[in-house]
Each structure stands twice: as C-alpha cells, then as structure tokens.
Amino acid sequence: GYRGSAAYIFKEGVQSIFSSLGALRGTLFIYDESWERLEPALWVGVDSNEIFRLQHRDDYSSLLSFLRQVEDIELIEQPSFDGRLQPLSSLWKGLPYGAIVPARAFGISYGVALLGFGELNGTVELRSMLSSSAMQMGLMIENFRLREAVQKAETRYHELFNLTTEFCFILKLDGMILDSNRCVSSTFEISSEESFGKTIYDFLSEHSHEAFRQALRDVAQLKHTGEFEVQFERKGREPIDAAVHLSEYFDTRFNTRAVYMVGRDITERKKADLQLLRFANAIHFTVNPIEITDVDGRIIYVNPAFERASGYTKDELIGKDPSILNSRKHPREFWQKMWGTILAGKVWTGEVINRRKNGELMYTELLVSPILDASGKVVGFLGSHTDITEKKRLQEQLFRSQKMESIGTLAAGIAHEVGNPLTSISSLVQIVQRTSSDHFVREKLDLVREQINRIAKIIRQLVDFSRPTNYEIKSTDVNALLKEAVNIVRYGKKANHVEFILDLAEDLPLAEVVQDQLIQVFINILINAVDALEGKAGKVRVSTRNLGETIEIAFSDTGRGMPPAVLDKIFEPFFTTKKVGEGTGLGLWVSYGIIQNMHGDISVHSEVGKGSTFTVTIPRHIGEF
Numbered sequence: 050g051y052r053g054s055a056a057y058i059f060k061e062g063v064q065s066i067f068s069s070l071g072a073l074r075g076t077l078f079i080y081d082e083s084w085e086r087l088e089p090a091l092w093v094g095v096d097s098n099e100i101f102r103l104q105h106r107d108d109y110s111s112l113l114s115f116l117r118q119v120e121d122i123e124l125i126e127q128p129s130f131d132g133r134l135q136p137l138s139s140l141w142k143g144l145p146y147g148a149i150v151p152a153r154a155f156g157i158s159y160g161v162a163l164l165g166f167g168e169l170n171g172t173v174e175l176r177s178m179l180s181s182s183a184m185q186m187g188l189m190i191e192n193f194r195l196r197e198a199v200q201k202a203e204t205r206y207h208e209l210f211n212l213t214t215e216f217c218f219i220l221k222l223d224g225m226i227l228d229s230n231r232c233v234s235s236t237f238e239i240s241s242e243e244s245f246g247k248t249i250y251d252f253l254s255e256h257s258h259e260a261f262r263q264a265l266r267d268v269a270q271l272k273h274t275g276e277f278e279v280q281f282e283r284k285g286r287e288p289i290d291a292a293v294h295l296s297e298y299f300d301t302r303f304n305t306r307a308v309y310m311v312g313r314d315i316t317e318r319k320k321a322d323l324q325l326l327r328f329a330n331a332i333h334f335t336v337n338p339i340e341i342t343d344v345d346g347r348i349i350y351v352n353p354a355f356e357r358a359s360g361y362t363k364d365e366l367i368g369k370d371p372s373i374l375n376s377r378k379h380p381r382e383f384w385q386k387m388w389g390t391i392l393a394g395k396v397w398t399g400e401v402i403n404r405r406k407n408g409e410l411m412y413t414e415l416l417v418s419p420i421l422d423a424s425g426k427v428v429g430f431l432g433s434h435t436d437i438t439e440k441k442r443l444q445e446q447l448f449r450s451q452k453m454e455s456i457g458t459l460a461a462g463i464a465h466e467v468g469n470p471l472t473s474i475s476s477l478v479q480i481v482q483r484t485s486s487d488h489f490v491r492e493k494l495d496l497v498r499e500q501i502n503r504i505a506k507i508i509r510q511l512v513d514f515s516r517p518t519n520y521e522i523k524s525t526d527v528n529a530l531l532k533e534a535v536n537i538v539r540y541g542k543k544a545n546h547v548e549f550i551l552d553l554a555e556d557l558p559l560a561e562v563v564q565d566q567l568i569q570v571f572i573n574i575l576i577n578a579v580d581a582l583e584g585k586a587g588k589v590r591v592s593t594r595n596l597g598e599t600i601e602i603a604f605s606d607t608g609r610g611m612p613p614a615v616l617d618k619i620f621e622p623f624f625t626t627k628k629v630g631e632g633t634g635l636g637l638w639v640s641y642g643i644i645q646n647m648h649g650d651i652s653v654h655s656e657v658g659k660g661s662t663f664t665v666t667i668p669r670h671i672g673e674f
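Pasting the structure below:
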C-alpha cells in the first residue's frame with residue numbers, strides 16, 4: 050500500500066467506507082497519474098500475497114481491461130462464479146454477494162472498488178449507499194493525490210533548500226526566523242535549530258536594518274522588491290556582502306504567511322568591482338590616450354584622452370578597427386610583427402604614426418598589452434599611447450635648423466667660389482659677343498649668357514640665405530604688405546585666370562619685421578600657389594588672424610595638391626616639382642629660413658586634387674634679429 054501521512058489518511062478513510070457498507074472484504078484499484086493503468090492501492094480482509102499473485106496471473110490484464118469499462122454500480126450474486134472476475138475468485142470465496150463500484154466524482158473515474166458481502170440488507174438502500182460511497186472514494190483519491198503531491202513537493206523543496214549553495218531563510222513578516230538551510234549553518238556557524246526564534250536583524254549589519262525592514266513591508270503589501278544588497282555580520286570574521294531576494298508565500302508547515310529569503314554572497318564580486326572601478330577611473334582620467342579592443346581587434350572602449358587626441362568621438366570609434374587611424378606610413382610587415390607578438394600573449398612597444406580625423410599626423414609611443422582571462426587565454430588588448438607629436442616636431446625643427454645652418458655655410462662657400470669665376474666668364478662672353486661678327490657664335494653666346502644669368506640668380510639666393518642680414522626691423526602693417534605682394538603677383542602671365550581673395554583681419558596689430566624679406570616670402574608662396582593652378586582658372590585665398598602675441602597668415606589655393614612624399618621635402622633646397630628651367634627649388638627653402646630667423650613658423654597642409662594651404666606664423670615682437 051501507500052506510505053506516508055497522506056497514505057495513512059487515505060487508508061483510514063477508505064476502510065471506514067468499507068466498514069460502513071458492511072463489506073467483509075474489499076480491494077480498491079485506482080488509476081495512476083497518467084490515467085492509463087489501474088493498480089491495487091488498498092485491500093481489506095485480503096492477504097497481501099493474494100494481491101501479489103493476482104498481479105502475476107496471465108489473465109490479470111483481462112481483468113484490468115474489464116474494470117476500465119465499468120461505468121455503473123453492479124451487484125453480483127455468487128461472484129466467485131462470475132467468469133469476468135475469475136482472477137479475483139479468492140476475494141469472493143465463501144461470500145454470496147459482491148459489488149463492483151466505480152469511484153467517480155464530478156464525472157471523472159478515479160478507480161474501481163470490488164466489495165464482498167455476507168448478506169444484503171435491502172438492495173435499494175445498498176445501491177444508494179454505494180452511490181454515495183463511490184463519490185466519497187473518488188474525492189478521497191483526488192485528495193490523496195493532492196496531499197501526496199504536496200508532500201513530494203515539500204520533500205523536494207527541503208532537499209533543494211539544503212542543497213543550494215546560497216543561504217536561505219524562511220521568515221515571518223516581522224523578520225523572525227522560522228527555518229534556515231545548511232548554507233546558513235556553514236556560513237554563520239549556527240544550526241537551523243539555533244537560528245529558530247532569532248530575527249534576521251541578529252545577522253544583519255546595523256546599516257542594513259532599515260533597507261530590510263522596508264523590503265519586508267513591501268513584501269507584506271504584495272509589492273515586488275526585486276534584488277537588493279545588504280551586509281551580514283559574522284562573529285570574529287569578515288562581514289558578507291549579499292544580494293538578497295524576498296518572496297512572500299503561505300507556509301503550510303507553520304500555517305502562516307512567510308517570506309522566503311535567498312541570499313547570494315557577492316563579497317568577492319564587490320571587491321573585484323571596486324578594483325575594476327579604480328582601474329576604470331585610472332584609465333578614464335589618465336592623460337594618455339587609451340583604447341581597449343576585443344581579440345579580433347574591434348575597439349570596445351576609448352578614454353576621453355583618446356577622443357581628444359584622435360579627433361573622433363567614442364561613438365565613432367566603438368566597434369571599428371584601429372586601422373581607422375592608419376596613416377599608411379608603416380609597411381604591412383610592421384603590423385604583422387605587432388599582431389604576432391600580442392596574440393602570443395606578449396607586450397609590444399613601438400613608435401606609431403597615426404592620422405587624426407582632421408588628417409593631421411599623430412606620433413605616439415604605443416604599448417599594447419594582451420588582456421588574459423583566468424585560464425591565460427587572450428581575450429582582448431589594451432593600447433596605451435604617449436603622444437610624442439610635439440617632441441617629433443621639435444626634433445624635426447632642430448634637425449631642419451641644423452641642416453639649414455650647414456647648408457647656409459655651404460651656400461656661402463659655393464657663392465664665393467662659384468660667383469667670382471662666373472663673373473669673369475660673364476665678362477669674357479660679353480667681350481666675345483661685342484668683337485665677334487660670326488652670327489652663329491653670337492647666337493650660341495646668347496644661350497651661354499642665359500645660363501650664366503640663371504646660375505647668378507641661384508647664387509644671389511644662396512647669398513641672401515647665408516649672409517647675416519643688416520636689414521632694418523620696422524613696425525609693419527602685414528595686411529598692407531600682403532596687398533602689395535598680391536598686386537605684384539596678380540599681373541604675371543600665369544595669373545590671368547586666377548581669382549585672388551583677401552580675407553584680412555581688421556584687428557590685426559602691427560608687427561616688427563624686416564619688410565623686404567617678409568614680402569619676398571609672401572611673393573614666393575603666392576607664385577607657388579599660382580603655379581599649382583597650372584594655368585587653369587582657380588582661386589588663391591589670403592587670410593590673416595590675430596592670435597594675440599602672434600599673427601597667422603594663410604595662403605590657400607585650389608590647385609592640384611601635393612602627395613605626402615612631396616610634402617616631406619617641400620622646404621629642402623633645390624627640391625622642385627617644376628620642369629627644368631622653371632624653378633630653382635630655392636624659393637620655399639629661402640622663405641623657410643627667413644621665417645625661422647624671425648622666430649616664426651611655416652607649415653603646409655595639402656590634399657591631392659583639392660589644393661594646398663601654407664600657413665605662416667610670425668611674432669608681433671621678434672626682438673633682436
């Protein structure tokens with residue numbers, strides 16, 4: 050038969066019904082939970098061995114098939130001779146009357162009862178009693194099943210309650226502890242019996258009391274509390290930070306509304322979160338640009354310094370490949386070596402030339418560290434940039450100045466050593482031209498004089514660059530000087546189709562400069578701007594800005610522009626992109642030297658197909674020149 054408290058109640062109830070009917074023997078078959086099989090659940094006046102033998106008879110299945118078809122109460126005389134009930138002949142042995150009673154309630158068949166009687170006291174009355182008993186047995190079976198399901202659930206719940214690695218309390222609505230699981234015992238070194246009768250506040254840190262009281266009030270009012278954090282105290286040990294969740298239910302064991310509390314230890318996570326927060330703040334607020342990528346190289350984080358340095362916003366960078374900053378200044382092998390190093394879990398360092406969003410180059414010392422998970426697997430990379438653009442600019446400026454100084458010394462020597470013999474050659478050519486009557490000779494000597502004049506022009510430019518100047522420094526209206534330079538250039542043959550646009554600042558202060566040298570710089574740059582248009586219609590814009598202690602002059606053209614390879618050499622002596630005979634390659638070199646001597650700066654930005662912009666910056670006061 051069935052065991053447990055539910056089974057006991059069920060057995061007592063069915064036996065009471067059998068007794069009230071006057072049955073001497075009886076067996077109750079009930080359907081299993083799937084309603085597919087009938088099984089003997091309870092028997093009275095019948096030996097258990099008989100039931101065991103019954104279940105192993107060959108004709109047992111035919112008996113069950115018959116019982117499944119029973120729908121109405123049936124009274125039987127001499128049941129032991131009824132062929133349908135032959136497997137149960139021992140049940141009826143010596144009893145003249147029997148009854149087959151389907152246990153039904155609300156139209157549902159829960160099983161079949163087979164009863165044996167010694168005598169019948171009124172057939173009609175017995176049928177009425179059997180009908181009433183049929184419903185009672187149906188309800189008892191249903192009630193038994195429900196009770197048994199509850200018992201199984203409670204048993205399973207208690208097993209899970211104690212097996213879970215989270216600490217669990219069952220509380221009354223006022224916080225009194227009704228029960229606790231094994232995890233509570235091991236965590237707080239107290240048994241469930243010892244915790245019974247205490248309150249949850251005996252375990253909580255004082256600063257968590259009010260939050261927990263409010264959560265209990267919310268639960269009592271059937272409000273959803275969600276997960277919240279509290280801290281538990283432990284005697285002589287470190288407190289525990291926990292994420293707890295409360296749910297209200299009716300506890301049948303204690304017959305009261307109760308609260309089921311589940312607590313998850315998040316102490317280590319909180320420590321890790323704190324460390325992560327400190328690390329994140331350190332990265333976020335560091336002055337060095339920082340980027341973090343996943344293992345595939347996609348950017349997942351950049352700090353504000355990276356945004357400022359690159360010119361891109363965080364939203365423009367997240368999910369992108371770092372190659373968005375690629376300046377194309379490094380060969381493929383450079384990047385392959387870097388990736389090979391960091392994918393092997395090693396740190397890579399080196400100088401990298403990136404390109405900002407505005408097109409400017411950005412020089413950085415880059416350190417890339419692999420990010421490893423607990424197993425040592427590479428899951429991402431952290432790149433830390435140190436901006437050395439200014440350092441590189443100063444190094445380049447120093448190198449250029451030293452180079453200019455060396456070239457100046459060389460130029461002075463060349464001018465002296467070449468200039469004197471060239472003067473003699475020029476004089477001899479003129480004498481021969483005047484005295485010779487040979488037309489062929491005179492024609493060829495004209496070509497010689499042209500080349501001598503070209504060499505002489507180069508020598509003059511070398512002398513202008515190399516010799517110390519004694520030019521007078523004057524307070525000068527730079528805007529007026531620019532207008533004069535534009536008027537000189539605009540009437541050249543190549544400038545016929547060029548539109549000159551002047552955008553001159555009205556608040557531009559006077560500057561202390563050497564006027565003749567500065568206008569030479571302006572003319573050189575303007576001539577280059579016109580030449581860049583290659584005889585086509587275009588625009589040359591000249592603008593000035595007051596920057597306080599300095600003045601900025603910008604010359605922009607809509608010409609062909611220059612590639613990076615040309616830009617790198619634009620201020621070197623004798624470098625030119627013009628055809629032979631059209632330029633000496635000294636104009637911008639001389640201009641650079643003049644501006645440097647004025648303690649100013651000259652730079653160029655160019656895009657192929659869009660044009661170029663030369664920017665000259667000079668101080669208002671240059672002191673001793």
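Here the working numbering is used: the first residue of the sequence shown is 50, the next is one more, and so on. All C-beta atoms, glycine included, are put in the ideal place defined by N, C-alpha and C.
- A distance below 8 Å between beta-carbons, with the five flanking residues on each side excluded, links Gly-429 to the following residues of its chain, in chain order: Ile-341, Thr-342, Asp-343, Val-344, Ile-349, Pro-419 and Ile-420.
- The residue from Asp-121, Leu-124 and Asp-108 with its alpha-carbon nearest to that of Pro-136 is Asp-108.
- Every alpha helix (DSSP H) stretch that sits fully inside the segment 201 to 250 and reaches 4 residues is listed by chain position as 231 to 237 and 241 to 244.
- Taken through DSSP and simplified to helix, strand or coil, Gly-275 comes out as coil.
- Each of Gly-425, Tyr-412, Leu-140 and Val-467 was checked against the Cα of Lys-440, and the nearest Cα belongs to Tyr-412.
- Apart from sequence neighbours up to five positions away, the residues of its chain that approach Asp-81 with a beta-carbon distance below 7 Å are Glu-88, ordered along the chain.
- Here Ala-329 carries a helix assignment [DSSP, helix/strand/coil].
- Lys-542 carries a helical assignment under DSSP once its states are collapsed to helix, strand and coil.
- From the listed residues Gly-71, Trp-84 and Leu-134, the smallest Cα separation to Arg-106 is found for Leu-134.
- CA-CA distance, Tyr-641 to Leu-575, rounds to 14 Å.
- For the pair Glu-126 and Ser-139, the Cα-to-Cα distance works out to about 15 Å.
- The C-alpha of Gly-368 is placed about 58 Å away from the C-alpha of Ile-508.
- Exposed is the label assigned to Asp-121, since fewer than 16 other Cβ atoms lie within 10 Å of its Cβ.
- Under the DSSP assignment, Val-547 falls in the beta strand (DSSP E) whose first and last residues are 547 to 552.
- In the structure shown, Gly-642 falls within a helical segment according to DSSP collapsed to helix, strand and coil.
- The continuous beta strand (DSSP E) containing His-654 extends over residues 650 to 656.
- Spatial neighbours of Phe-216 in its own chain (CB-CB distance under 6 Å, excluding positions within 5 residues in sequence) are listed in chain order as Cys-232, Val-233, Thr-236 and Gly-312.
- Taking the Cα of Thr-525 as reference, the smallest distance to any Cα among Val-562, Arg-594 and Asp-552 is reached at Val-562.
- Note on geometry: alpha-carbon atoms of Thr-435 and Ile-402 lie some 12 Å from one another.
- For Met-387, the enclosing alpha helix (DSSP H) has its first and last residue at 381 to 392.
- In this chain, the alpha helix (DSSP H) harbouring Lys-363 covers 363 to 366.
- Each of Leu-222, Phe-245, Phe-155 and Gly-71 was checked against the Cα of Thr-305, and the nearest Cα belongs to Leu-222.
- Trp-141 sits in a helix when the DSSP states are folded into three classes.
- Along the segment 122 to 189, the alpha helix (DSSP H) occurs as fully enclosed runs of 4 or more residues at 138 to 141, listed in sequence order.
- In the three-state reduction of the DSSP assignment, Lys-493 falls in the helix class.
- Counting C-beta pairs closer than 8 Å gives three or more between the segment 648 to 662 and the segment 604 to 611, which meets the contact rule.
- Residue pairing by DSSP puts Gln-280 in a beta bridge opposite Asp-290.
- Within the same chain, Cβ atoms closer than 7 Å to the Cβ of Ile-437 are found at Tyr-412, Thr-413 and Glu-414, the five residues on either side in sequence being excluded.
- Between the segment 202 to 211 and the segment 182 to 189 there are fewer than three inter-stretch CB-CB distances shorter than 8 Å, so the stretches are not counted as touching.
- Check the Cα spacing between Leu-496 and each of Val-478, Lys-506, Asp-487 and Ser-486: the tightest is with Val-478.
- In chain order, Ser-254, Gln-280, Phe-281 and Glu-282 place their CB closer than 7 Å to the CB of Pro-288, counting only its own chain and leaving out the 5 sequence neighbours on each side.
- Secondary structure at Leu-559: coil, using DSSP grouped into helix, strand and coil.
- Asn-352 counts as buried, since no fewer than 16 other beta carbons sit within 10 angstroms of its beta carbon.
- Per DSSP, the unbroken beta strand (DSSP E) holding Arg-590 starts and ends at 587 to 595.
- When beta bridges are read from the DSSP output, His-434 appears opposite Leu-415.
- Counting along the chain, the unbroken beta strand (DSSP E) around Val-401 starts and ends at 397 to 404.
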